[in-house]
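Using the numbering used here, the first residue of the sequence shown is number 197, and each one after it goes up by one.
Beta carbons: idealized from backbone N, C-alpha and C, even for Gly.
Below you'll find the structure, written out as structure tokens, and then a few comments.
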Amino acid sequence: MISSTVENYLKRIYLEQQTDPKALVPMGKLAAVMQVVPGTATAMVKTLADSGLLEYEPRGGIRLTAGGEQLALHVLRRHRIIELFLVNHLGLDWSEVHAEAETLEHAVSDKVLERMDTLLNHPRFDPHGDPIPPAKGRMPTESWIPLPAVPAGQRAQIAQLSDQDPAFLQFIERNALTPGTEIYVASYDPQADAVTLNVPDGSHITLGGAAAEKIMVRLGRVSQCGTRVP
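What follows is the structure in structure tokens.
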């Protein structure tokens, strides 16, 4: 049986690899995101390497093997289905379900998870717009870009939020910028590092660059479920 600590390492390494799939994840970065001292991270990495779950280059960094990636995706699938179940069926606020799912992802059985998936009608995304890995196969590639990369005068749809801090999610909800929302980029001021948006209720919202970078969007008018938006 894979321990929760091992699952957390594999999941975190997978997520770090997505920032630059061709590069190794530095050991210092791994220790920082796992909130452990470098020696602790190194000891775990050596154990995972001996188990065939990752490749370790002492002066370069680490990369998951195919087996390690498969296990990491399984943990992510559990986490994201649980988040959506907690929101849709238990009525928890979307800003608090990430922490709850961090615990439950290590306890729920595959049988219960697939029942949740069925009740949710086999969703493709969690409440924050993160794609849910399929039960079999690889994670689909999404053509998302950060909000500041959208030219002024362009329409887009909010797809995913890269920061799941409760305060940030509450800010997003207050300003009606949840995944699936269509926006119009009215202007972008690089000197002020600010972008102004028009949202469906007719209001205007100005975001600083730091907040805007956390919002990933898809261009055009296609909804998350793949249907055309009228």
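In whole angstroms, what is the alpha-carbon distance linking Asp-313 and Ala-348? Walking along the sequence shown from the start, residue 313 turns up at place 117. Walking along the sequence shown from the start, residue 348 turns up at place 152. A straight-line Cα-Cα distance of about 39 Å links Asp-313 and Ala-348.
Note the first and the last residue of the continuous beta strand (DSSP E) segment covering Phe-392. Numbered from 1 along the sequence shown, position 196 holds the residue referred to as residue 392. Residue identity check: residue 392 is Thr in the sequence provided, not Phe. Looking at the DSSP string, the run of the beta strand (DSSP E) that includes Thr-392 is 390–394.
Which residues share a DSSP beta bridge with Thr-402? Translated into the one-based positions of the sequence shown, residue 402 becomes position 206. For Thr-402, which the question treats as bridged, DSSP gives the partners Thr-392.
Since I believe Leu-249 is in contact with Gly-264 (beta carbons under 8 Å), could you give me their beta-carbon distance rounded to a whole number of angstroms? On the sequence shown, residue 264 is found 68 positions in, with the first residue counted as 1. On the sequence shown, residue 249 is found 53 positions in, with the first residue counted as 1. Rounded, the Cβ-Cβ distance is 4 Å, consistent with contact.
Please report how far the alpha carbon of Lys-218 lies from the alpha carbon of Leu-260, in whole angstroms. For the purposes of this step, residue 218 is taken as residue 22 along the sequence shown, with counting starting at 1. For the purposes of this step, residue 260 is taken as residue 64 along the sequence shown, with counting starting at 1. If you take the alpha carbons of Lys-218 and Leu-260, they lie about 12 Å apart.
Quick one: Cα of Ala-303 to Cα of Leu-280, how far? As a working note, residue 303 is residue 107 in the sequence shown. As a working note, residue 280 is residue 84 in the sequence shown. If I take the Cα positions, the gap works out to 16 Å.
Do Leu-220 and Ala-237 have their C-beta atoms closer together than 8 Å? The count along the sequence shown starts at 1 and reaches residue 220 at position 24. The count along the sequence shown starts at 1 and reaches residue 237 at position 41. Not in contact: Leu-220 and Ala-237 (Cβ atoms no closer than 8 Å).
Here's the rule I'm using: 16 or more other beta-carbon atoms within 10 Å means buried, otherwise exposed. How should Glu-253 be labelled? Residue numbering aside, residue 253 sits at position 57 when the sequence shown is read from its first letter. Exposed, because fewer than 16 other Cβ atoms sit within 10 Å of the Cβ of Glu-253.
Among Val-271, Ala-331 and Val-233, which has the Cα closest to the Cα of Ile-209? To locate residue 209, count along the sequence shown from 1; it is residue 13. Cα-wise, what sits closest to Ile-209 is Val-271.
Alpha carbon to alpha carbon, what distance is there between Tyr-384 and Gln-214? The residue labelled residue 214 in the question sits at position 18 within the sequence shown. The residue labelled residue 384 in the question sits at position 188 within the sequence shown. Their backbone Cα atoms lie some 27 Å apart in a straight line.
So, with DSSP's three-state summary, where would you put Thr-286? Taking the first residue of the sequence shown as 1, we reach residue 286 at position 90. The sequence shown places Leu at residue 286, rather than the Thr named in the question. In this structure, Leu-286 counts as coil in the three-state DSSP scheme.
Should Arg-276 and Asp-322 be called a contact, given that it needs their Cβ atoms to be closer than 8 Å? Here residue 276 refers to the residue found at position 80 when the sequence shown is read from its first residue. Here residue 322 refers to the residue found at position 126 when the sequence shown is read from its first residue. At a Cβ-Cβ threshold of 8 Å, Arg-276 and Asp-322 count as neighbours.
Relative to the C-alpha of Leu-427, which candidate in Thr-392, Gly-333, Trp-340 and Arg-311 has its C-alpha closest? Past the boundaries of the shown model lies residue 427; the chain is included only from 197 to 426, so the question cannot be answered.
Exposure label - Gln-350; buried when at least 16 CB within 10 Å: On the sequence shown, position 154 is the one that residue 350 refers to. Flag for Gln-350 reads exposed.
Host beta strand (DSSP E) of Asp-397 (start-end): One-based indexing of the sequence shown puts residue 397 at position 201. Careful: Asp-397 lies outside any beta strand (DSSP E) and carries neither H nor E.
Which listed residue (Asp-397, Arg-311 and Gly-235) has its alpha carbon closest to that of Ala-331: For the purposes of this step, residue 331 is taken as the residue at position 135 of the sequence shown. Comparing Cα-Cα distances from Ala-331 to each of Asp-397, Arg-311 and Gly-235, the minimum goes to Arg-311.
Quick one: grab the DSSP three-state call for Gln-366. Numbered from its first residue, the sequence shown carries residue 366 at position 170. In this structure, Gln-366 counts as helix in the three-state DSSP scheme.
Throw me the rounded Cβ distance for the Gln-356 and His-324 pair, which I believe falls under 8 Å. The count along the sequence shown starts at 1 and reaches residue 356 at position 160. The count along the sequence shown starts at 1 and reaches residue 324 at position 128. About 7 Å separates the two Cβ atoms, so the contact holds.
State the Cα-Cα distance for the pair Pro-234 and Gln-360, rounded to the nearest angstrom. In the sequence shown, residue 234 corresponds to position 38, counting from 1. In the sequence shown, residue 360 corresponds to position 164, counting from 1. Distance between the alpha carbons of Pro-234 and Gln-360 is about 25 Å.
Would Ile-278 and Glu-301 be called neighbours here (beta carbons separated by less than 8 Å)? Locating residue 278 in the sequence shown gives position 82, where the first residue counts as 1. Locating residue 301 in the sequence shown gives position 105, where the first residue counts as 1. For Ile-278 and Glu-301, yes; Cβs fall inside 8 Å.
Are the beta-carbon atoms belonging to Met-412 and Ile-341 less than 8 Å from one another? In the sequence shown, counting from the first residue as 1, residue 412 sits at position 216. In the sequence shown, counting from the first residue as 1, residue 341 sits at position 145. Closer than 8 Å, so yes.
Checking 8 Å against the spacing of the C-beta atoms, do Asn-394 and Ala-407 come in under that value? Counting from one through the sequence shown, the residue named residue 394 turns up at place 198. Counting from one through the sequence shown, the residue named residue 407 turns up at place 211. No.
Here's a check: name, in chain order, each residue in its chain whose Cβ is nearer than 7 Å to the Cβ of Pro-222, leaving out the five neighbours to either side. Your numbering for residue 222 matches position 26 in the sequence shown. Cβ within range, chain order: Gly-257.
Around the C-beta of Gln-353, are 16 or more other C-beta atoms found within 10 angstroms, so that it is buried, or is it exposed? As a first step, residue 353 must be located in the sequence shown, where it is residue number 157. Result: buried.
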